[in-house]
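J.:
Residue numbers (our numbering): 33 to 77.
#1: Could you give the C-beta distance for residue 44 and residue 76, rounded to a whole number, given that I count them as a contact under 8 angstroms?
#2: May I have the straight-line CA-CA distance separating residue 73 from residue 36, to the nearest angstrom?
#3: Tell me which residues share the same chain as residue 41 and place their Cβ nearer than 7 angstroms to its Cβ, disregarding the 5 neighbours each side in the sequence.
#4: Under the three-state reduction of DSSP, which class applies to residue 58: helix, strand or coil?
#5: Helix, strand or coil: which one does DSSP assign to residue 63?
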């Protein structure tokens, strides 16, 4: 059986007091979720 991979495009933007450190940690969380779910891929732009 063939699995379909869902690709989600997510814009990464800092603002309203959200700096590079917070954004970097958010990216780590998204990558960890990708690792747990084999049928999801995030395109971070």
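For glycine and all other residues, C-beta sits at the position ideal for the given N, C-alpha and C.
T.: Quick answer:
#1: For this step, residue 44 is matched to residue 12 along the chain shown. For this step, residue 76 is matched to residue 44 along the chain shown. Between residue 76 and residue 44 the Cβ distance is about 5 angstroms, and since that is below 8 angstroms, they are a contact.
#2: Working through the chain shown from its first residue, we reach residue 73 at position 41. Working through the chain shown from its first residue, we reach residue 36 at position 4. About 11 angstroms.
#3: Counting from 1 along the chain shown, the entry for residue 41 is found at position 9. Result list for residue 41: 75 and 77, in chain order.
#4: Residue 58 sits at position 26 when you count from the first residue of the chain shown. Residue 58: helix per DSSP, three-state reduction.
#5: By 1-based counting over the chain shown, the position of residue 63 is 31. Helix at residue 63.
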